[in-house]
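Position one of the sequence shown corresponds to residue 145 (my numbering), numbered consecutively onward.
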Amino acid sequence: MTAVQADLVRSELDLPEGLTLDTPRVEDGAAIWRIARDSKTLDLNSSYSYLLWCRDFAATSVVARDADGGPVGFITGYVRPERPETLVVWQVAVDHAWRGRKLAATLLDGLVARVATAGVRGIETTITPDNTASNRLFTSFAERHEAPLEREVLFHGGLFPDGGHEPEVLYRIGPLGPLGPLGPRADRT
Numbered sequence: 145m146t147a148v149q150a151d152l153v154r155s156e157l158d159l160p161e162g163l164t165l166d167t168p169r170v171e172d173g174a175a176i177w178r179i180a181r182d183s184k185t186l187d188l189n190s191s192y193s194y195l196l197w198c199r200d201f202a203a204t205s206v207v208a209r210d211a212d213g214g215p216v217g218f219i220t221g222y223v224r225p226e227r228p229e230t231l232v233v234w235q236v237a238v239d240h241a242w243r244g245r246k247l248a249a250t251l252l253d254g255l256v257a258r259v260a261t262a263g264v265r266g267i268e269t270t271i272t273p274d275n276t277a278s279n280r281l282f283t284s285f286a287e288r289h290e291a292p293l294e295r296e297v298l299f300h301g302g303l304f305p306d307g308g309h310e311p312e313v314l315y316r317i318g319p320l321g322p323l324g325p326l327g328p329r330a331d332r333t
């Protein structure tokens, strides 16, 4: 990415100064695992799975990098094989030092704008009822994109073998309207 392109992305997506959006690399797997662990809200996967994610699903994931190139936030996602127009957002996390700057919304808008060029027209994710931040993130995303949002329980708590897991509520957003090259220009909440 040229300096001019980076400035355009920063202005279009309200990216905080000193940060860039990028495709994750295998070398980012350990940092992404640490950000997920430190979030204290995500179901933590093995460190190995984050390495694989950065290798096999990099095209449908995104990282925010600080001035030194280190990841400070990420979204992992994949395209549903049965619905190739649907991006499933697996996890979203932002390093504690970067929270409160609407970085998660910027990551989501940037990723969706990128995958829209490959035909993605909607997103799905699951959120537990107690995850207020994710509920706000995806509800505001739907509002910014003027897209319908449907919710339904996908996996009830009794399906999880470890017990005590809240239900996972499926958020289905779409179809998305036309996206500009970098997504909508709007306030991020």
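All residues carry an ideal CB built from backbone N, CA and C; glycine is no exception. Source: prediction; values computed, not measured.
- Taken in chain order, the whole beta strand (DSSP E) runs of length 3 or more contained in the region 193–269 are 206–209, 215–224, 227–238.
- Proximity to Lys-184 across Asp-239, Gly-263, Gly-221, Thr-220 peaks at Asp-239, based on C-alpha coordinates.
- Ala-175 and Pro-319 have their C-alpha atoms roughly 33 Å apart.
- Residue nearest to Glu-294 within the set His-300, Tyr-315, Ser-191, Pro-225 is Tyr-315 (criterion: CA-CA distance).
- Considering only Ile-271, Val-233, Arg-243, the residue with the shortest C-alpha distance to Val-259 is Val-233.
- Close CB contacts of Phe-285 within its chain, under the 6 Å cut and outside five residues either way in sequence, are with Leu-252 (chain order).
- Around the Cβ of Thr-269, a 10 Å sphere holds 16 or more other Cβ atoms; the residue is buried.
- Apart from the 5 residues on each side of it in sequence, Val-313 sits with its Cβ closer than 8 Å to the Cβ of Thr-270, Ile-271, Thr-272, Pro-273, Arg-295, Glu-296, Val-297, Leu-298 in its chain, given in chain order.
- Residue pairing by DSSP puts Phe-299 in a beta bridge opposite Glu-312.
- Buried is the label assigned to Arg-209, since at least 16 other Cβ atoms lie within 10 Å of its Cβ.
- Per DSSP, reduced to three states, the secondary structure at Leu-281 is helical.
- The shortest CA-to-CA distance from Glu-290 to any of Asn-275, Arg-265, Thr-204, Gly-301 is the one to Arg-265.
- Assignment of beta-bridge partners to Leu-293 by DSSP yields Ile-317.
- By the Cβ neighbour-count rule, Ser-205 is buried, with 16 or more other Cβ atoms within 10 Å of its own.
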